[in-house]
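Protein chains in written order, with the numbering used here: chain A, 9 to 232; chain B, 9 to 232; chain C, 9 to 232; chain D, 9 to 232.
Even for Gly, the Cβ is constructed at its ideal location relative to N, Cα and C.
There are 4 protein chains.
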Amino acid sequence: MSERLSEVSDSGMTERAIRTQGDILEVATAEFAANGYAGARVDEIAARTRTTKRMIYYYFGSKEGLYLAVLERVYAQIRRVERGIHIDEMSPDEALRTLAEATYDHHTTHEEFIQLVSIENIHRAEHLRQSQTILRENVTAITLLEQVIERGVREGIFRDDVDALDVHMVISAYACFHVANRHTFAAIFDRDMLDPALQESHRRLIGDMIVATMTDRRSAGGER
Amino acid sequence: MSERLSEVSDSGMTERAIRTQGDILEVATAEFAANGYAGARVDEIAARTRTTKRMIYYYFGSKEGLYLAVLERVYAQIRRVERGIHIDEMSPDEALRTLAEATYDHHTTHEEFIQLVSIENIHRAEHLRQSQTILRENVTAITLLEQVIERGVREGIFRDDVDALDVHMVISAYACFHVANRHTFAAIFDRDMLDPALQESHRRLIGDMIVATMTDRRSAGGER
Amino acid sequence: MSERLSEVSDSGMTERAIRTQGDILEVATAEFAANGYAGARVDEIAARTRTTKRMIYYYFGSKEGLYLAVLERVYAQIRRVERGIHIDEMSPDEALRTLAEATYDHHTTHEEFIQLVSIENIHRAEHLRQSQTILRENVTAITLLEQVIERGVREGIFRDDVDALDVHMVISAYACFHVANRHTFAAIFDRDMLDPALQESHRRLIGDMIVATMTDRRSAGGER
Amino acid sequence: MSERLSEVSDSGMTERAIRTQGDILEVATAEFAANGYAGARVDEIAARTRTTKRMIYYYFGSKEGLYLAVLERVYAQIRRVERGIHIDEMSPDEALRTLAEATYDHHTTHEEFIQLVSIENIHRAEHLRQSQTILRENVTAITLLEQVIERGVREGIFRDDVDALDVHMVISAYACFHVANRHTFAAIFDRDMLDPALQESHRRLIGDMIVATMTDRRSAGGER
DNA sequence: CATGAATGAGGGTTCATTCAT
DNA sequence: GATGAATGAACCCTCATTCAT
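Quick look at the structure:
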């Protein structure tokens, strides 16, 4: 199952098979994201596809197998974005801001990814844990951050008691929240966090926060 | 439906009826939080209760009615926490840190609440929107924040381009993420964000961040 | 599951429930006997019942559960027959003949039982082994035989190198075969072993065989 | 369909085609014997074969066609055994014992044959009846028995009210039972009828029985 | 208030079989 | 001859919900 997506580029499959699978995956991604794992209907997915329900089982074995493939697909996508970021010639704080904004941009434009992550968490990540591919490839997400922070600390402009994983968490939390909690937030406060009018300032805010925090004199070191 | 909980304190119900309802709600909260709306089973809830499935329908009308009552219950709980916070004699930055930590404390100790919020978002808050009680009472959550920020801005120590809702969002995002994305984060990075060993530093970090951001000279207004 | 049938006489069930279950069991017995475990259709069983398919799952949990209940039912029936046999005042050979004929009579008039046993054997008795009730109660089937044979050996009229289980096997084999292999035998040799015209002589033959064998001078002990 | 196997020896087929068919038949025999007709899976058979599912349909037309071919194969095998028995110079009782033991030997060493016969009986021999080959060739199974019994009766040492088909039935019943009911018998009485330690005495027992019965003075003729 | 019995609609899954290449 | 892709019918099972007592 974990290998399916990579096989797509192999020649073990016909053009048509690739298209069919891709078609199913696209529809399934939307359905699972919109209704949760239990709420999604295999029948409904099949109905929105060029093919039949039977093909879903032919290619993915089960509802869970399909869900897993969907998960791998969206995680593969975010990896591609991460690989496209280049921060070699920036100052540490510039780099930090760039990384923060890249995450913000990805998450706010990939609602389905965030929804699937939420769903996965409701299920205690039990499906995610089955995918060695995802686990293996996605740890590297913080490699860039580690390098930047190390440089900032070495140059004496970053506090040294906040590690890369903490920073990643803060950035992810901020970006995720925009999408994941969009609806309850809007219902209660009547503000759509993804309103284009807010985008620029929100995009800047996460950069501000992370840079202000890492370069803050009072917080860093001292009495702690 | 939305009025049911308030009836509890009325005298239209026997002691026993109140206990039965409370019992059902407690079990239902756990079940919905653990499995999502579609994933939760009415049978399972009934089985874990002292009463029978028939009682669930007697008191709550339907699965959706029960879910709504559960939502109202957990939202009522967070309101009680908010009402208990007193920041009148603190400096704006102290107050900000206090509010941030209170949110952090609540969310990290009420996993079920966060899970239910996640679930509600997957369903585009369509249930939440049905409860006037929740909507009416929970907007007030930012009243305190508004006062603090206004004071800080007036005193010239806070930037003025970040409003109370933004600050609330940032704090909520941080606190939510710890619980909501706990499992995927742990699966990929092998770090449990709720690990007691991390609690102190994580608790401080959100205060640091919000204070550093609001008091940062470079970020506020000016050149941008 | 194993306790179901005995519960029937308890008061934990309404009259109606007992009837419903009995109805289902009767139809299911016929269906499984006629089509095998895999070949039987739950839909078909439900259709031939006063109730619906849902009730089958309500009472028996699964196709397998139903099959198991069917198995217990037919095995309970044969136990009742066995308990009704009285041979206390017969001579050993008379008793032997009586027991043989009782088995012959039961098997040839309970086609479904034999078919279910055949089916069970195709599945390596994996269901039977799950029923402690059947296993526990049906070993006693040879108690009578043991007593009779012991008496015959003691009186010196039976050979002593054939034990009760062997005799049981011989009798069962003969009686089973009439029903279990009825169709292939008829197809090839054009003789219906259950033809009423043959019944008398076939009934006597198994008695003849078992008595002749046990009392045969040449076979017993001696030169072997 | 019924003619397929005979084609094998014709030259209308390549070496390879013959091997492929044999391969399929062997696997199919095991699958049908182990799971029954409905329980056997064409996919599974194909998977255990060197060839693909398509080939099964190419050679055998359908699941039923394959099953029929399997049936013909195992019945052809037992015919070969029968043809190998020579009893011309034996006394009637010796010959009888020899035939009984031959059947016992064949059945206890051809579990799949017995299982397939059981399965066929569950389906009321409806497949068997389609194969003229099997029906035509297997009636001859009792020719030898007929001759022996006739001789015994003529010589006055055999009773004359038990015909060859009855004897065949008794012998078959005994031998079949060892294999066909092996599992339920073992489950209930904890004795494996095919235990090598029992083989010798069980092998002798059927001979004893049939000879004792046919030569028994009391049973034959007389008062009946 | 409370309980076991009952239900209809639909959900996931599987099977034998066929098509296109 | 051989292969992967595709299919429709049906199969087992489950769920929220209601009824009778």
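{"Asked": "With DSSP as the reference, label C:Thr223 as helix, strand or coil.", "Found": "helix"}
{"Asked": "Kindly indicate which three-state DSSP category A:Arg199 falls into: helix, strand or coil?", "Found": "coil"}
{"Asked": "Just to confirm the assignment, what range does the alpha helix (DSSP H) spanning D:Glu120 have?", "Found": "119–130"}
{"Asked": "Three or more C-beta pairs under 8 Å: does that hold for the segment 122–139 of chain C against the segment 128–142 of chain D?", "Found": "yes"}
{"Asked": "Could you tell me whether the Cβ of B:Tyr182 comes closer than 8 Å to any Cβ of chain A?", "Found": "yes"}
{"Asked": "Rounded to whole angstroms, what is the Cα-Cα separation between D:Thr60 and D:Lys71?", "Found": "14 Å"}
{"Asked": "Can you tell me which of the three DSSP states C:Asn189 falls into?", "Found": "coil"}
{"Asked": "What does the alpha-carbon distance come out to for the pair D:Val78 and D:His135?", "Found": "11 Å"}
{"Asked": "Considering only their Cβ atoms, is the gap separating A:Ala46 from B:Gly92 smaller than 8 Å?", "Found": "no"}
{"Asked": "Could you name the residues of chain C that D:Glu80 contacts, counting a contact when the two beta carbons are closer than 9 Å?", "Found": "Correct list: empty, because the minimum Cβ distance to chain C is about 13 Å."}
{"Asked": "Are the C-beta of A:Met201 and some C-beta of chain B separated by less than 8 Å?", "Found": "yes"}
{"Asked": "Looking at the structure shown, is C:Arg24 part of a helix, part of a strand, or coil, going by DSSP?", "Found": "helix"}
{"Asked": "Mind checking the segment 139–150 of chain C against chain D and listing, in chain order, the residues whose C-beta falls within less than 7 Å of any C-beta there?", "Found": "Leu143, Asn146, Val147"}
{"Asked": "Hey, how far is the Cα of D:Met9 from the Cα of D:Ile86?", "Found": "Residue placement at D:Met9 cannot be trusted, given a pLDDT of 40 that sits under 50; the coordinates are not used to answer."}
{"Asked": "Can you confirm whether A:Gln125, when its beta carbon is compared against all beta carbons of chain B, has any partner nearer than 8 Å?", "Found": "Reading the sequence as shown, one finds Val at residue 125 of chain A and not Gln. Yes - at least one Cβ of chain B is within 8 Å of the one on A:Val125."}
{"Asked": "Would you mind working out which of A:Gly73, A:Leu74, A:Ala108, A:Ser99 sits nearest A:Val89, comparing C-alpha positions?", "Found": "A:Ala108"}
{"Asked": "In this structure, does DSSP put D:Asp174 in helix, strand or coil?", "Found": "helix"}
{"Asked": "From which residue to which residue does the alpha helix (DSSP H) around C:Leu79 run?", "Found": "71–91"}
{"Asked": "On the criterion of 16 or more Cβ atoms from any shown chain inside 10 Å, does B:Tyr66 qualify as buried, or is it exposed?", "Found": "exposed"}
{"Asked": "Here's the rule: buried if 16 or more other CB atoms are within 10 angstroms of the residue's CB, otherwise exposed. What is B:Gly164?", "Found": "exposed"}
{"Asked": "Along chain A, which residues have their Cβ under 8 Å away from the Cβ of B:Phe185?", "Found": "Met177, Ser180, Ala181, Cys184, Phe185"}
{"Asked": "Could you work out which residues of chain D lie near C:Ala220, taking near to mean beta carbons separated by less than 7 Å?", "Found": "Ala220, Thr221, Asp224, Ser227"}
{"Asked": "Could you pull the start and end residues of the alpha helix (DSSP H) that B:Gln155 belongs to?", "Found": "151–162"}
{"Asked": "For C:Ile218, name the three-state secondary structure that DSSP assigns.", "Found": "helix"}
{"Asked": "What would DSSP say about C:Ile95, mapped onto helix, strand or coil?", "Found": "coil"}
{"Asked": "I'd like the list of long-range same chain contacts for C:Leu173, defined as Cβ closer than 7 Å, with 5 residues on each side in sequence excluded.", "Found": "Ile150"}
{"Asked": "Between C:Thr116 and chain D, is there a C-beta pair that is closer than 8 Å?", "Found": "no"}
{"Asked": "Report the three-state DSSP secondary structure of B:Ile142 (helix, strand or coil).", "Found": "helix"}
{"Asked": "Just checking, does the segment 101–120 of chain D make contact with the segment 17–37 of chain C on the three C-beta pairs under 8 Å criterion?", "Found": "no"}
{"Asked": "Using the beta-carbon count (16 or more within 10 Å), is B:Pro100 buried or exposed?", "Found": "buried"}
{"Asked": "Would A:Gly73 count as contacting chain B if we go by Cβ distances under 8 Å?", "Found": "no"}
{"Asked": "According to DSSP, is A:Ile179 part of a helix, a strand, or is it coil?", "Found": "helix"}
{"Asked": "Just checking: is the beta-carbon of D:Phe121 within a distance shorter than 8 Å of some beta-carbon in chain C?", "Found": "no"}
{"Asked": "Quick check: B:Ala181 and A:Ala220, are their CB atoms within less than 8 Å of each other?", "Found": "no"}
{"Asked": "Select from D:Ile64, D:Arg49, D:Ala194, D:Arg225 the residue whose C-alpha is nearest the C-alpha of C:Arg137.", "Found": "D:Ala194"}
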